[in-house]
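Presented below is the structure to which this report refers.
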DNA sequence: TGAGTTGTTCTCAACTTGAGAGAGTGAGCG
DNA sequence: CGCTCACTCTCTCAAGTTGAGAACAACTCA
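Chains as they are written, first to last, in our numbering: chain G, 1 to 242; chain X, 243 to 484.
Structure (structure tokens):
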């Protein structure tokens, strides 16, 4: 039986219940380390363990909108600052036994945000926090969220190669060195400063100059750095090499 | 309200019904043109229009398994030939009004198959056929399937850059020229034969030699071509350039 | 047998990358 | 105040990759 037959001949509401949720792998960079937004679960299953922020898709709400709503609820973000966060669909996870209570298909999303304040505890009893990704082990994570996070991190690493999305981890104006720090943090290895500089400026539309420079030199000396903002390119040609 | 609260305090079965389907963008190459498996709908909505093969996720069935089942049902494929088809998740489509009857979230998949026989009409009244992608206009396509197909084609084009999946459009043994024809068909422009040859052989693990050659030269002359099979690489480093 | 096509290898210029060096700026310290 | 050192940014050069074309042998068809 295929979809067409089914929907023509049956009332879909009779079909075994499937719940659809959106989950968000929200990444940011704090103190030179990649951090992830997690919620400590207050109730079983997996009580006391960390889970991705997420929830049911609301009626009338598109998947991406649901993910952005979940992100807003857990970070307290809104307006322009919420709009600047990059959000893309990561993939759907629907193994039959991934939630012990019922069939749940989760549409995971991936978000890149600049360094954000710690989430304020809202009405939820659950605790939300930015945790360094290096501190995570699958055992502490609820459901299949360890696998989702691993997929999200790999997606993030490869997206930095061929898109300018690294800029989404930074303030609207940034230096080339700050941009390089994003790459080094996400990719996990140092890059050659001179070559990185040359490459970023040579890829069309990656960054554009603001004409301004930082107010001060680096913390331990050095000249003031030129400030750039994100350019208009949505893809980097040619791509950076990891 | 988040997922945790919700599932702890409510019976999810009370939640507004959402149906989850899997759809498959199945691509193959026939006579030098990219073709797509489509089903002509017999019943409203969109009766008479073309739709992607797909259907409801069955209880106990993972998303990828559902997609492979749908592919098997519509192509009549099974066993080793089904297993050789590449299948990956493309993305989920859940706009609230994408199906006029109820909320349907569709998890779209992308398949690459070698040239397959025309689908045999099975018990379904619906007609299944491989159609050239150039012949499609959104108006003839049901639901949001035009957008899903467009996303699938773009995914296919980019996957050929950095994976060896082009080999999945071919028989287990193939010539470099046949492989180049896959790239030219999917990317839509001719490639330099000599440079393509050099590149394919220089990327580690892309192809491995069988030692054998074709029985005959080309249809209009030329030497016998060496035969290769897919190598062990799952990613191409460095990637091909479109 | 001859004409034309094709698979494969080669050549060479243009471009890109990786590694290192160095000029010049500015913070912090004694 | 002036020294030191970290830092930004530019430059150089060798090694590698790409794009375009040519060469040539193997082959089919007429």
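Idealized CB from N, CA, C, for every residue including glycine.
Model, not experiment: these values are computed from the prediction.
Just reading off the alpha helix (DSSP H) that residue i is part of, what are its end residues?
i, result
"residue 425(X)", "418-429"
Assign residue i to one of three DSSP states: helix, strand, or coil.
i, result
"residue 288(X)", "coil"
"residue 296(X)", "strand"
"residue 203(G)", "coil"
"residue 75(G)", "helix"
"residue 254(G)", "Nothing about residue 254(G) can be reported from this structure: the residues present for chain G run from 1 to 242 only."
"residue 259(X)", "coil"
"residue 464(X)", "coil"
"residue 41(G)", "coil"
"residue 482(X)", "coil"
"residue 312(X)", "helix"
"residue 173(G)", "coil"
"residue 477(X)", "coil"
"residue 103(G)", "coil"
"residue 434(X)", "coil"
"residue 98(G)", "coil"
"residue 197(G)", "helix"
"residue 247(X)", "Low confidence applies here, because residue 247(X) scores a pLDDT of 45, under 50, leaving its location unreliable and the question unanswered by this model."
"residue 252(X)", "Any reading at residue 252(X) must be qualified, since the residue scores a pLDDT of 47, below 50, and its modelled position is unreliable; no value is offered."
Terminal residues of the continuous beta strand (DSSP E) containing residue i?
i, result
"residue 399(X)", "It is not in any beta strand (DSSP E) - residue 399(X) instead sits in the alpha helix (DSSP H) that spans 387-404."
"residue 140(G)", "Per DSSP, residue 140(G) belongs to no beta strand (DSSP E) and is neither H nor E."
According to DSSP, what are the bridge partners of residue i?
i, result
"residue 132(G)", "35(G)"
"residue 458(X)", "Partner(s): none; residue 458(X) has no beta bridge."
"residue 270(X)", "277(X)"
"residue 86(G)", "112(G)"
"residue 208(G)", "229(G)"
"residue 23(G)", "54(G), 108(G)"
"residue 127(G)", "40(G)"
"residue 91(G)", "108(G)"
For residue i, return the contacting residues in chain G, with the cut-off set at a CB-CB distance below 7 Å.
i, result
"residue 442(X)", "The contacting residues do not exist; residue 442(X) stays about 19 Å from chain G at best."
Could you work out which residues of chain X lie near residue i, taking near to mean beta carbons separated by less than 8 Å?
i, result
"residue 89(G)", "333, 334"
Can you pull the chain X neighbours of residue i, defined as C-beta to C-beta under 9 Å?
i, result
"residue 129(G)", "By Cβ distance, chain X contributes nothing, its closest Cβ being about 14 Å from residue 129(G), past 9 Å."
Can you list the residues of chain X that residue i reaches, using a CB-CB cut of under 7 Å?
i, result
"residue 95(G)", "304"
Which chain G residues sit within Cβ distance under 8 Å of residue i?
i, result
"residue 424(X)", "Residues of chain G passing the Cβ test: none, with the nearest at roughly 22 Å."
"residue 262(X)", "18, 20, 94, 105"
Going by the C-beta, is residue i closer than 8 Å to any heavy atom of the ligand PLP?
i, result
"residue 219(G)", "Within the structure as shown, the ligand PLP is missing, as the structure has no ligands at all."
Quick one: which residues of the region 289-306 of chain X get their C-beta closer than 8 Å to a C-beta of chain G? List them in chain order. 293, 295, 296, 297, 298, 299, 301, 302, 303, 304, 305
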